[in-house]
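Student:
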Amino acid sequence: MKTLEEIKDLCEEAFRRLAETGPMMDRHEFDEAERIAREVIEELEPLVPDPKAKLDHEEPWRAVISVLSFAYNRLNTVHSSHGDLA
Numbered sequence: 004m005k006t007l008e009e010i011k012d013l014c015e016e017a018f019r020r021l022a023e024t025g026p027m028m029d030r031h032e033f034d035e036a037e038r039i040a041r042e043v044i045e046e047l048e049p050l051v052p053d054p055k056a057k058l059d060h061e062e063p064w065r066a067v068i069s070v071l072s073f074a075y076n077r078l079n080t081v082h083s084s085h086g087d088l089a
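Take 4 as the starting number for the sequence shown in the working numbering and just add one per residue.
What follows is the structure in structure tokens.
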């Protein structure tokens, strides 16, 4: 199990990587942007807690969910650029 500090670090690194996909997409490097988004999802999805768990508000769960939302949004943008609206 990861410590809170490790989770925060993972979120910060994932956000940085996802931010880099914007310029990639401007250069039409959609496959690379998609690869990064999928890697972030694979890394962070297992960290999403059970919604029934009593979580301390100081824990970084909102950051995990926020970064995952960014990754899924990036995937949506990549697929939309290819005309894949499903």
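Even for Gly, the Cβ is constructed at its ideal location relative to N, Cα and C.
My guess is that residue 67 and residue 43 are in contact by the Cβ rule of under 8 angstroms, so how many angstroms apart are they, rounded?
Tutor: The residue labelled residue 67 in the question sits at position 64 within the sequence shown. The residue labelled residue 43 in the question sits at position 40 within the sequence shown. Not quite, the Cβ-Cβ distance comes to about 11 angstroms (not below 8 angstroms), so this is no contact.
Student: Please identify the residue among 5, 52, 13, 75 whose C-alpha is closest to the C-alpha of residue 64.
Tutor: Taking the sequence shown and counting its residues from 1, one reaches residue 64 at position 61. Nearest C-alpha to residue 64: 52.
Student: Can you say whether residue 6 is buried or exposed, counting buried as having 16 or more other CB atoms within 10 angstroms of its CB?
Tutor: Within the sequence shown, numbered from 1, the residue matching residue 6 stands at position 3. Counting Cβ neighbours within 10 Å, residue 6 comes out exposed, since fewer than 16 surround it.
Student: If you measure between the beta carbons of residue 17 and residue 27, is that distance less than 9 angstroms?
Tutor: Within the sequence shown, the letter at position 14 stands for residue 17. Within the sequence shown, the letter at position 24 stands for residue 27. No; because the gap between Cβ atoms is not below 9 angstroms, this pair is not in contact.
Student: Residue 82 by DSSP, collapsed to three states: which one?
Tutor: The residue labelled residue 82 in the question sits at position 79 within the sequence shown. Three-state DSSP puts residue 82 in a helix.
Student: Note the first and the last residue of the continuous alpha helix (DSSP H) segment covering residue 17.
Tutor: Taking the first residue of the sequence shown as position 1, residue 17 is located at position 14. Per DSSP, residue 17 belongs to the alpha helix (DSSP H) from 7-22.
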